[in-house]
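Residue numbers (this note's numbering): 2 to 133.
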C-alpha cells in the first residue's frame, strides 16, 4: 500500500510540474517591440506621409506600411507569413480595428494569436511614428 501512495504522489507532482512548465522559445509580446525596425518615411503626391516598420511575429516578420493624412490613418498594408487560420486570420481583424480607432490604443489582441497581434500593433505604432 505504501508503494501505491508513493507512485500516486510522484505522478501528481509530475503532472503539476508539467502543467506549470514554461517554453523559453515562445516569443513574448514585449519581444516584438524590441525587434521593431522602421524605415524612413515617404510623402505621396497628395501630401500623405507613409511610414514603414517591421516586427517579429509568430510565423516570421510582419511588415506594415501605414499611410497617414495628418494625424489620421488612411491605409494600412501588411505583408506577413503568419499561421493560416490563426495569426493570418487575426491580421485583417486587427487592421480594421486599428483604422477604426485611428491607432492601436484600445485595440485588444485576438485570442490565440497574441504574438501576431502584439507584433502587428508594434509595427503599426512604429510606422505611425516614422510617418509623423
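No residue lacks a Cβ here, since even glycine has one placed at the ideal position from N, Cα and C. Computed from a predicted model, the values in this text were never measured in an experiment.
Near residue 122, which residues of its chain fall below 6 Å by C-beta distance, leaving aside the five closest residues on each side in sequence?
105
Nearest-angstrom Cα distance between residue 85 and residue 70?
32 Å
At which residue ranges does the stretch 63 to 123 contain complete beta strand (DSSP E) runs of 3 or more residues, listed in the order of the chain?
73 to 80
On the DSSP bridge list, what partners appear for residue 52?
67
Could you check whether residue 120 and residue 56 sit closer than 8 Å to each other, using their CB atoms as the reference points?
Using a Cβ distance threshold of 8 Å, residue 56 and residue 120 count as a contacting pair.
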